[in-house]
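Protein chains: 2
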Amino acid sequence: MSAVSQANVADERLKVFNTELCPVRDVLDRIGDKWSTLLLLTLGEGPHRFGALKRAVPDISQRMLTQTLRDLQRDGMISRTVFPTQPPSVEYRLTPMGASILAPLRALSDWADAHHAAIKVARAAFDEDKG
Amino acid sequence: MSAVSQANVADERLKVFNTELCPVRDVLDRIGDKWSTLLLLTLGEGPHRFGALKRAVPDISQRMLTQTLRDLQRDGMISRTVFPTQPPSVEYRLTPMGASILAPLRALSDWADAHHAAIKVARAAFDEDKG
DNA sequence: CGGAATCCAGCCCGATACTG
DNA sequence: CAGTATCGGGCTGGATTCCG
Numbered sequence: 156m157s158a159v160s161q162a163n164v165a166d167e168r169l170k171v172f173n174t175e176l177c178p179v180r181d182v183l184d185r186i187g188d189k190w191s192t193l194l195l196l197t198l199g200e201g202p203h204r205f206g207a208l209k210r211a212v213p214d215i216s217q218r219m220l221t222q223t224l225r226d227l228q229r230d231g232m233i234s235r236t237v238f239p240t241q242p243p244s245v246e247y248r249l250t251p252m253g254a255s256i257l258a259p260l261r262a263l264s265d266w267a268d269a270h271h272a273a274i275k276v277a278r279a280a281f282d283e284d285k286g
Numbered sequence: 156m157s158a159v160s161q162a163n164v165a166d167e168r169l170k171v172f173n174t175e176l177c178p179v180r181d182v183l184d185r186i187g188d189k190w191s192t193l194l195l196l197t198l199g200e201g202p203h204r205f206g207a208l209k210r211a212v213p214d215i216s217q218r219m220l221t222q223t224l225r226d227l228q229r230d231g232m233i234s235r236t237v238f239p240t241q242p243p244s245v246e247y248r249l250t251p252m253g254a255s256i257l258a259p260l261r262a263l264s265d266w267a268d269a270h271h272a273a274i275k276v277a278r279a280a281f282d283e284d285k286g
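Shown next, in the form of structure tokens:
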């Protein structure tokens, strides 16, 4: 990681996104882990039980659902409540911090809806040029 | 993929995030590919040459920089201009569509800055409980 | 129902070397 | 300077099986 100090002195005031200086990296890595965002958005509609989350995101595996929920819980984004019923049921819901990321996430989701068509067109055009 | 039709009829009006119905998935997969967001944010400050991007994101490899730029170009997010100088120089800049995603991205980035400390605390607390 | 544990394929991505 | 090509390790994540 000595490349960092090199880069700092080397350049004309470029913003540098390096791992330790940059909270963005830390958070974005989670957003980008393929399932976190979808689960957060789903939980944004209200608390869900394990099985309900699985149905809301059909192609997630049980393994990744469990793991992603643990990670989100670890980061303080969601809370996990076990109801000692028979059979047991577990409810997940957003914490205040988890709820606070919904707005940025929805902004991104809205952007995706709005531009998805344009992106598909751009991809097709690009791919055609290359053959 | 027949699990989809199952899920649709099975439940009480849950929003279902499945791949083909869901532009969000398509876009979020790119956001999450570890480098795209950082490059978009960097290009949001202005056009950059290849080498400048490499310095702005120090721990990206040449390979991933090239590949990520290609993908972003393919999606119509950035444009690539070659100047026939000696040695050659190549400038990357955001397209209008690429620029339009900056606001949501920055909202997320700002959220990350604001909550990074809280997340670290939550992680530490969670990890201590488990030992 | 909600998980945990194990096994294993695939790809992501970094390191390295070569080009115009 | 701005790439391309190739190799290979590691981690992601799916499938399956078992538990309370």
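Here the protein sequences line up with chains L and E, keeping their order. Going by the working numbering, the first sequence opens with residue 156, and the numbers climb by one from there. Going by the working numbering, the second sequence opens with residue 156, and the numbers climb by one from there. A virtual CB, placed ideally from N, CA and C, is assigned to each residue, including glycine.
What span of residues does the alpha helix (DSSP H) with residue i cover, start to end?
{"i": "residue 182 of chain E", "result": "178 to 186"}
{"i": "residue 190 of chain L", "result": "Element bounds for residue 190 of chain L: n/a, residue is neither H nor E."}
{"i": "residue 199 of chain E", "result": "It is not in any alpha helix (DSSP H) - residue 199 of chain E carries neither H nor E in the DSSP assignment."}
Let me see if you follow: with CB-CB separation under 8 Å, is residue i close to chain L or not?
{"i": "residue 237 of chain E", "result": "no"}
{"i": "residue 259 of chain E", "result": "yes"}
{"i": "residue 254 of chain E", "result": "no"}
{"i": "residue 264 of chain E", "result": "yes"}
{"i": "residue 278 of chain E", "result": "yes"}
{"i": "residue 106 of chain E", "result": "In this structure chain E extends from 156 to 286, so residue 106 of chain E is not present and cannot be described."}
{"i": "residue 178 of chain E", "result": "yes"}
{"i": "residue 195 of chain E", "result": "no"}
{"i": "residue 183 of chain E", "result": "yes"}
Provide the residue(s) that pair with residue i in DSSP beta bridges, ordered along the chain.
{"i": "residue 233 of chain E", "result": "E:249"}
{"i": "residue 271 of chain L", "result": "Its beta-bridge partners do not exist; DSSP assigns none."}
{"i": "residue 244 of chain L", "result": "L:238"}
Report all residues from its chain with a CB closer than 8 Å to the CB of residue i; omit the five preceding and five following residues, and keep chain order.
{"i": "residue 252 of chain E", "result": "231, 232"}
{"i": "residue 223 of chain E", "result": "188, 190, 191, 194, 215"}
Does the beta carbon of residue i sit closer than 8 Å to a beta carbon anywhere in chain E?
{"i": "residue 202 of chain L", "result": "no"}
{"i": "residue 192 of chain L", "result": "yes"}
{"i": "residue 205 of chain L", "result": "no"}
{"i": "residue 245 of chain L", "result": "no"}
{"i": "residue 218 of chain L", "result": "no"}
{"i": "residue 229 of chain L", "result": "yes"}
{"i": "residue 224 of chain L", "result": "no"}
Go through its chain and collect everything with a Cβ distance to residue i's Cβ below 6 Å, but skip five positions before and after it.
{"i": "residue 295 of chain L", "result": "Residue 295 of chain L is absent from the model: chain L starts at 156 and stops at 286."}
{"i": "residue 218 of chain L", "result": "none"}
{"i": "residue 185 of chain L", "result": "191"}
{"i": "residue 228 of chain E", "result": "235"}
Cutting at 7 Å between CB atoms, please list the residues of its own chain near residue i, excluding the five before and the five after it.
{"i": "residue 260 of chain L", "result": "192, 195, 196"}
{"i": "residue 215 of chain E", "result": "190, 209"}
{"i": "residue 263 of chain L", "result": "none"}
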